[in-house]
Amino acid sequence: MVSYRPRGKIFGEGDPSDRIAIVLRGVVKITAATANGREALLGLRGMGEIVGELGAIYGSPRAASVWALNLVQVRLIPASTFQRCLLDHPDAMLAVLGAVIARLRESDRRRLEFTGSDVLERVSMLLAELARTHGETAADGSVSIALPLSQEEIAGATGASREAVAKAFRRLRAIGAVATARQRIVILNRQALHMRAS
3 MVSYRPRGKI
13 FGEGDPSDRI
23 AIVLRGVVKI
33 TAATANGREA
43 LLGLRGMGEI
53 VGELGAIYGS
63 PRAASVWALN
73 LVQVRLIPAS
83 TFQRCLLDHP
93 DAMLAVLGAV
103 IARLRESDRR
113 RLEFTGSDVL
123 ERVSMLLAEL
133 ARTHGETAAD
143 GSVSIALPLS
153 QEEIAGATGA
163 SREAVAKAFR
173 RLRAIGAVAT
183 ARQRIVILNR
193 QALHMRAS
């Protein structure tokens with residue numbers, strides 16, 4: 003088991019895909035550099051999820067970087083061991099294939115939803131998704147997203163500039179949909195957020 007502090011690099015884009023990581027604790031973010039040099043946030047993975055499996059299967063260089071978003075513990079497994087496990091256990095291969103297909107569908111769904119949407123809508127959609135996947139609901143119905151995502155990272159996930167994301171957050175705060183604090187976003191009014199997301 004290997005531990006990483008927040009913002010620690012687990013895998014680097016372009017590095018050899020010589021191992022996979024199974025997330026045992028915390029959340030990792032997957033990023034890739036865009037043509038203009040910005041960082042695009044491709045996804046988040048949590049406990050029990052595998053990262054680096056496609057490159058390990060095909061032997062290609064890593065297509066993205068993987069970073070610890072908070073305190074993370076992973077189990078690193080050599081690519082050859084992972085490949086052998088998949089060949090020896092078809093049920094494991096099907097499970098990995100199912101996870102890859104689910105991620106592809108999610109990516110396609112997000113791309114379709116983002117097409118034709120303005121920045122406020124895209125930020126609202128992302129926050130609604132993060133509330134669903136990483137949120138903790140309080141007794142008053144508010145949902146706390148305790149992920150240390152910067153506005154720059156949210157911009158990278160929504161294909162927007164940091165300034166446009168800051169403007170979207172100001173608007174969402176003004177209508178009482180969200181509150182922000184250090185390393186935390188709180189959804190105060192889900193209905194208002196969903197109205198902005200649709």
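The numbers in this note's numbering rise by one with no breaks, and the one at position 107 of the sequence shown is 109.
Idealized CB from N, CA, C, for every residue including glycine.
Judged by DSSP in its simplified three-state form, residue 117 adopts coil rather than helix or strand.
In this structure, 161 is the residue among 115, 123, 161 with its C-alpha nearest to the C-alpha of residue 39. Beta bridge pairing from DSSP links residue 22 with 79. The straight-line gap separating the alpha-carbon atoms of residue 185 and residue 90 is approximately 43 Å. Assigned with DSSP and collapsed to three states, residue 62 falls in coil, not helix or strand. Residue 5 sits in a strand when the DSSP states are folded into three classes. By the CB criterion at 9 Å, residue 58 and residue 19 fall inside the cutoff. Here DSSP, grouped into helix, strand and coil, assigns residue 164 to helix.
In this structure residue 32 is in contact with residue 53, their Cβ atoms being roughly 7 Å apart against a cut-off of 8 Å. When only Cα atoms are considered, residue 196 and residue 130 end up about 7 Å apart. A buried status is given to residue 158, since no fewer than 16 other beta-carbon atoms sit within 10 Å of its beta-carbon. The closest CA to that of residue 44, considering only 109, 117, 172, is found on 109. If you draw a straight line from the Cα of residue 189 to the Cα of residue 86, it is about 44 Å long. Using a 10 angstroms sphere on the CB of residue 138, the tally of other CB atoms stays under 16, which defines it as exposed.
In the three-state reduction of the DSSP assignment, residue 190 falls in the coil class, being assigned neither a helical nor a strand state. For residue 144, the secondary structure class from DSSP, reduced to helix, strand or coil, is coil. Taken through DSSP and simplified to helix, strand or coil, residue 71 comes out as coil.
Residue burial is scored here from C-beta neighbours: residue 180 has at least 16 other C-beta atoms within 10 angstroms and is therefore classed as buried. Taking a cut-off of 8 Å on C-beta distances, the stretch 163-173 touches the stretch 117-130, as three or more cross pairs fall below it.
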